[in-house]
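Its first residue numbered 2, the sequence shown is counted upward by one per residue in the numbering used here.
The beta carbon of each residue, even a glycine, is placed where N, CA and C say it ideally should be.
Computed from a predicted model, the values in this text were never measured in an experiment.
Have a look at the structure below before the remarks.
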Amino acid sequence: EALAARMIADGAVVAGLGRNVERLDAAASRWGDAFHPVRVDLADKADRRAAIARLRERFPRVDVVVNDAAEIVYATPLDLDAAGWSSIVETNVLAAIELVSGLAPALGPDAHVVNVSSINARQIPAVRFAPYALTKAALDRVTEGLRLELALRGVKVSLIAPGLVDTPADDRVTGFDAARA
Numbered sequence: 002e003a004l005a006a007r008m009i010a011d012g013a014v015v016a017g018l019g020r021n022v023e024r025l026d027a028a029a030s031r032w033g034d035a036f037h038p039v040r041v042d043l044a045d046k047a048d049r050r051a052a053i054a055r056l057r058e059r060f061p062r063v064d065v066v067v068n069d070a071a072e073i074v075y076a077t078p079l080d081l082d083a084a085g086w087s088s089i090v091e092t093n094v095l096a097a098i099e100l101v102s103g104l105a106p107a108l109g110p111d112a113h114v115v116n117v118s119s120i121n122a123r124q125i126p127a128v129r130f131a132p133y134a135l136t137k138a139a140l141d142r143v144t145e146g147l148r149l150e151l152a153l154r155g156v157k158v159s160l161i162a163p164g165l166v167d168t169p170a171d172d173r174v175t176g177f178d179a180a181r182a
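Okay, here's the thing in structure tokens:
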């Protein structure tokens, strides 16, 4: 949200993707025509593809793509069931790949793709961070590949790997209260 505010203040039109309709509507009310809300569940392939189609229709040229969506689970690799693994991989890895792939034709020279990873991709502080860390490590490798591929077109690709962040998203993570404290 802070990045969107900064970009809008600098004159950009921002498309904000998210599941939370209330937050998207509040942003649209606050920023008017400078903000284009896109309600999407990035864990859902069909929903994701429909959102990309809407973005391509609305924005024939894209200057910046920031992939910062993440599903956070606090479970050991053996505790996470197949549905949990599928959801976290869809959201944290495949959504970023598909968004860049779907928007790539609209990226011109000097465009910039920014993927947000995590320090957990490099060092796991506890076993319950392993599934999340795996997805962020995969995103790191994908980012390296995108950097090589898109450099040929003049598109910059960056990776940001922040440390642990106190975020409201942690409020939805089952069993994380003690670790968060």
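- Of the residues Ile161, Ala29, Leu81, the one whose Cα lies closest to the Cα of Ala16 is Ala29.
- Just so you know, the alpha carbons of Val128 and Val74 end up roughly 11 Å apart.
- Beta-bridge partners assigned by DSSP to Arg40: Gly19.
- In its chain, beyond the 5 residues on either side, Thr136 have a beta carbon closer than 7 Å to the beta carbon of Val90.
- If the five residues before and after Ile98 are omitted, its C-beta is found closer than 7 Å to the C-beta atoms of Val143, all from its own chain and listed in chain order.
- In this structure, Pro38 lies away from Asp48, with their beta-carbon atoms at least 8 Å apart.
- Rounded to the nearest whole angstrom, the CA to CA distance from Lys157 to His113 is 5 Å.
- Closest in C-alpha terms to Glu150, from the list Val22, Ala105, Val67, comes Ala105.
- Taking all protein chains shown into account, Ser118 has 16 or more neighbouring C-beta atoms within 10 Å of its C-beta and is therefore buried.
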